[in-house]
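**Q**
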Amino acid sequence: MATIERTAELDVADEVAALVARSRAAQVQIENATQEQVDLWIRGMVYAVAREDVAEEIARRTVEETQLGNYDGKYLKIFRKTRAALMDIINDKSVGVIEELPERQIVRIAKPVGVIGALSPSTNPEATPVIKAINAVKGRNSIIVCPHPRAKMINKQICYRMREALVKLGAPADLVIAIEQPSVDKTNEVMKQCDRVLATGGGPMVMAAYSSGTPALGVGVGNAVITVDETADLDDAADKIRRSKTLDLAASCSSDNSVILLDAIYDAMLIKLVHQGGYVVNAEEKAKLQAVIWEDDHINAKVVAQDAEKIAGMAGFSIPEGKLFFIVPETGTGPDHPFSGEKMTVTMALYRARDIDHAIELTNAIQAYQGQGHSCGIYSTSDENIMKLAMATKTSRVMVNQPQAASNSGNLWNGMRQT
Numbered sequence: 357m358a359t360i361e362r363t364a365e366l367d368v369a370d371e372v373a374a375l376v377a378r379s380r381a382a383q384v385q386i387e388n389a390t391q392e393q394v395d396l397w398i399r400g401m402v403y404a405v406a407r408e409d410v411a412e413e414i415a416r417r418t419v420e421e422t423q424l425g426n427y428d429g430k431y432l433k434i435f436r437k438t439r440a441a442l443m444d445i446i447n448d449k450s451v452g453v454i455e456e457l458p459e460r461q462i463v464r465i466a467k468p469v470g471v472i473g474a475l476s477p478s479t480n481p482e483a484t485p486v487i488k489a490i491n492a493v494k495g496r497n498s499i500i501v502c503p504h505p506r507a508k509m510i511n512k513q514i515c516y517r518m519r520e521a522l523v524k525l526g527a528p529a530d531l532v533i534a535i536e537q538p539s540v541d542k543t544n545e546v547m548k549q550c551d552r553v554l555a556t557g558g559g560p561m562v563m564a565a566y567s568s569g570t571p572a573l574g575v576g577v578g579n580a581v582i583t584v585d586e587t588a589d590l591d592d593a594a595d596k597i598r599r600s601k602t603l604d605l606a607a608s609c610s611s612d613n614s615v616i617l618l619d620a621i622y623d624a625m626l627i628k629l630v631h632q633g634g635y636v637v638n639a640e641e642k643a644k645l646q647a648v649i650w651e652d653d654h655i656n657a658k659v660v661a662q663d664a665e666k667i668a669g670m671a672g673f674s675i676p677e678g679k680l681f682f683i684v685p686e687t688g689t690g691p692d693h694p695f696s697g698e699k700m701t702v703t704m705a706l707y708r709a710r711d712i713d714h715a716i717e718l719t720n721a722i723q724a725y726q727g728q729g730h731s732c733g734i735y736s737t738s739d740e741n742i743m744k745l746a747m748a749t750k751t752s753r754v755m756v757n758q759p760q761a762a763s764n765s766g767n768l769w770n771g772m773r774q775t
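So this note's numbering is basically just the index in the sequence shown, starting at one, shifted up by 356.
#1: Leaving out the 5 sequence neighbours to the left and right, which residues in its chain are closer than 7 Å to residue 675 when beta-carbon positions are compared?
#2: Residue 612 bridges to which residues according to DSSP?
#3: Quickly, what does DSSP pair residue 682 with across the bridge? List them, please.
#4: How should residue 367 be labelled, buried or exposed, when 16 other C-beta atoms within 10 angstroms of its C-beta is the threshold for buried?
#5: Quick one: residues in its chain with C-beta nearer than 6 Å to the C-beta of residue 521, no 5 flanking neighbours on either side, listed in chain order?
#6: What residues in its chain sit with their C-beta under 7 Å from that of residue 523, if we drop five residues either side in the sequence?
#7: Going by DSSP, which residues form a beta bridge with residue 650?
#8: Excluding the 5 residues preceding and the 5 following residue 722 in the sequence, name in chain order all residues of the same chain whose CB lies nearer than 6 Å to its CB.
#9: Out of 587, 568, 411 and 670, state which residue places its alpha-carbon closest to the alpha-carbon of residue 739.
#10: Determine the contact status of residue 550 and residue 473, defining contact as a CB-CB distance below 7 Å.
#11: Can you look up residue 556 in the DSSP assignment and give me helix, strand or coil?
#12: Am I right that residue 491 and residue 501 are in contact with their C-beta atoms under 8 Å? What's the rounded C-beta distance?
#13: Given residue 753, which residues of its chain have a CB within under 7 Å of its CB, disregarding the five upstream and five downstream residues?
#14: DSSP state of residue 525, grouped into three classes?
#15: Measuring CB to CB, does residue 576 end up less than 7 Å from residue 562?
#16: Pop quiz: residue 377 and residue 611 are said to be a contact at Cβ under 8 Å. What is the actual Cβ separation, rounded to whole angstroms?
#17: Taking residue 745 as the reference, give the member of 672, 771, 759 and 716 with the closest Cα.
#18: Would you mind reading off the limits of the alpha helix (DSSP H) that contains residue 545?
#19: From the DSSP output, read off the bridge partner residues of residue 734.
#20: From this set, 698, 622, 693 and 585, which residue's C-alpha is nearest residue 728's C-alpha?
#21: Going by DSSP, which residues form a beta bridge with residue 500?
#22: How about the segment 476 to 483 and the segment 421 to 431: do they share at least three Cβ pairs that are nearer than 8 Å?
#23: I need the straight-line Cα distance from residue 603 to residue 462, nearest angstrom please.
#24: Along the chain, where does the beta strand (DSSP E) that runs through residue 572 open and close?
#25: Whose C-beta lies closer than 8 Å to the C-beta of residue 539 among residues of the same chain, with five residues either side of it excluded?
#26: Within its chain, find whatever has a CB closer than 6 Å to the CB of residue 685; leave out the 5 residues flanking it on each side and keep chain order.
#27: Label residue 497 either buried or exposed according to how many other C-beta atoms from any shown protein chain fall within 10 Å of its C-beta, with 16 as the threshold for buried.
#28: Measure how close the beta-carbons of residue 671 and residue 648 come, nearest whole angstrom, since I'm counting them as under 8 Å.
#29: Report the CB separation of residue 440 from residue 452 in whole angstroms; it is logged as a contact under 8 Å.
#30: Where does residue 660 fall in DSSP's three states?
#31: Can you pull the DSSP bridge partners for residue 464?
#32: Secondary structure at residue 607, three-state DSSP: helix, strand or coil?
#33: Tell me residue 617's beta-bridge partners as DSSP assigns them.
#34: When you compare only the Cα positions, how much space is there between residue 348 and residue 567?
#35: Measuring alpha carbon to alpha carbon, tell me which of 711, 757 and 718 ends up nearest residue 597.
#36: Using DSSP with H/G/I as helix, E/B as strand and the rest coil, what is residue 727?
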């Protein structure tokens, strides 16, 4: 048995070594490319996948293969998000001298890293490979994309289209390589053999990236918390919370996981959330929902990015027609209150706060359990409340009067970089 396992390990290592060699050879060919060349190449890569007809096909096939999210969400990601990411970086200088600081006698010169190993999750397999690939090529790097097994076919198709575009524009196809038959062992081996890792995925994979021995950038649990204060436009807030919570059926790590309503507007805002398609679960339904979302303290993959009606059916209760997301009244935080954590479903925990200070206290308690350092949001017209929350929460991004899931990684209506 030990001999067989050792042989399998060698086979994986050899297979990955061959891919890395191809990738490295392609990267060497563009090491001296000009700014104009790399910018032309990445334009072509995005055009190859974001044309309307192609985007429609990719969105449809992504849902068919992964059985996660919905067509509208996937279409927006491949059609709009990839274009926005391109426009965000297209004018950035990434070749040669990029900055001079004469007062410090420093000149900054951009140089390629080499071969990038990229992890792509099953929840966002349409946009992640494209955005990572254009950022890699922009810096004159090559990239190997390691998809989740549940998304291997759509990953292959997307990478194939980008490879075709590169060849048409005079660049080597192997600047973009897809792992066509993915496995955990192959992904781990890519991370060991490449020069830099970009890891998007679940906690275990991100931790594996950090432990690979290769420099890595990773993102894991989100668990965004949204506060609505007494100065907010409640109709606007309810509409945007619904749009954010249901975008791609909550496949995004920036989806609204908990919403905190200040006492002064709690009842009125709850009515508006219900009007937007929210369904308030009772105590019995809450217990059933908890039982189906979590199995052995882990999120049940069968409920991730599924519609509310399907999840309710799995949990053993029914919801009225037209209900789009669950509202779960909650008071506690931490492992004894799992709804305070990330849910990856169209489910939001609902908290009541006395005032903005109490909302900040709740936000930090929720994210001390999961999501600390990630993001939160606020609907408010009070600069004082907005700044107080931004200063006091332990997050890196605070969205103000914006749908969290659509805004947190950059969008056309804000100045955030597209990531």
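No residue lacks a Cβ here, since even glycine has one placed at the ideal position from N, Cα and C.
**A** Put simply:
#1: Excluding positions up to five away in sequence, the list reads 635, 664, 665 and 668.
#2: In DSSP, residue 612 forms a bridge with 580.
#3: Its beta-bridge partners are 635 and 703.
#4: Result: exposed.
#5: Annotation for residue 521: 400, 401 and 404 place their beta carbon closer than 6 Å to its own, counting only its chain and skipping 5 residues before and after.
#6: 529, listed in sequence order.
#7: 655.
#8: Excluding sequence neighbours, residue 722 sits near 581, 614, 689 and 696.
#9: Of the listed residues, the one whose Cα sits closest to residue 739 is 587.
#10: A contact, by the Cβ cut-off of 7 Å.
#11: Assignment of residue 556 by DSSP, reduced to helix, strand and coil, places it in the strand class.
#12: Their Cβ separation, rounded to whole angstroms, is 12 Å, which puts residue 491 and residue 501 out of contact at 8 Å.
#13: Excluding residues within five positions, the ones whose Cβ falls inside 7 Å are 731 and 764.
#14: In the structure shown, residue 525 sits in coil (DSSP, three-state: anything other than H, G, I, E or B).
#15: Their beta carbons are under 7 Å apart, which means residue 576 touches residue 562 by this criterion.
#16: The pair is not a contact, with the Cβ atoms about 40 Å apart (cut-off 8 Å).
#17: Checking every option, the nearest Cα to that of residue 745 belongs to 716.
#18: For residue 545, the enclosing alpha helix (DSSP H) starts and ends at 540 to 549.
#19: The partner list for residue 734 (beta bridge, DSSP) reads 583 and 756.
#20: For residue 728, the nearest C-alpha among the options comes from 698.
#21: Looking at the DSSP assignment, residue 500 forms a beta bridge with 473 and 533.
#22: Yes, they touch.
#23: Computed Cα separation, rounded: 45 Å.
#24: Unbroken beta strand (DSSP E) run through residue 572: 572 to 575.
#25: Excluding residues within five positions, the ones whose Cβ falls inside 8 Å are 368 and 505.
#26: These residues qualify, in order along the chain: 706.
#27: If you draw a 10 Å sphere on the C-beta of residue 497, you find 16 or more other C-beta atoms in it, and that means buried.
#28: Under the criterion of beta carbons closer than 8 Å, residue 671 and residue 648 qualify as touching, at roughly 4 Å.
#29: Between residue 440 and residue 452 the beta-carbon gap is near 26 Å, outside 8 Å, which marks them as no contact.
#30: Three-state result, residue 660: coil.
#31: In DSSP, residue 464 forms a bridge with 455.
#32: For residue 607, the secondary structure class from DSSP, reduced to helix, strand or coil, is coil.
#33: Residue 617 is bridged by DSSP to 584 and 708.
#34: Residue 348 lies beyond the residue range present for the chain, which begins at 357 and ends at 775; the question has no answer from this structure.
#35: Closest in C-alpha terms to residue 597, from the list 711, 757 and 718, comes 757.
#36: If DSSP states are grouped into helix, strand and coil, residue 727 belongs with coil.
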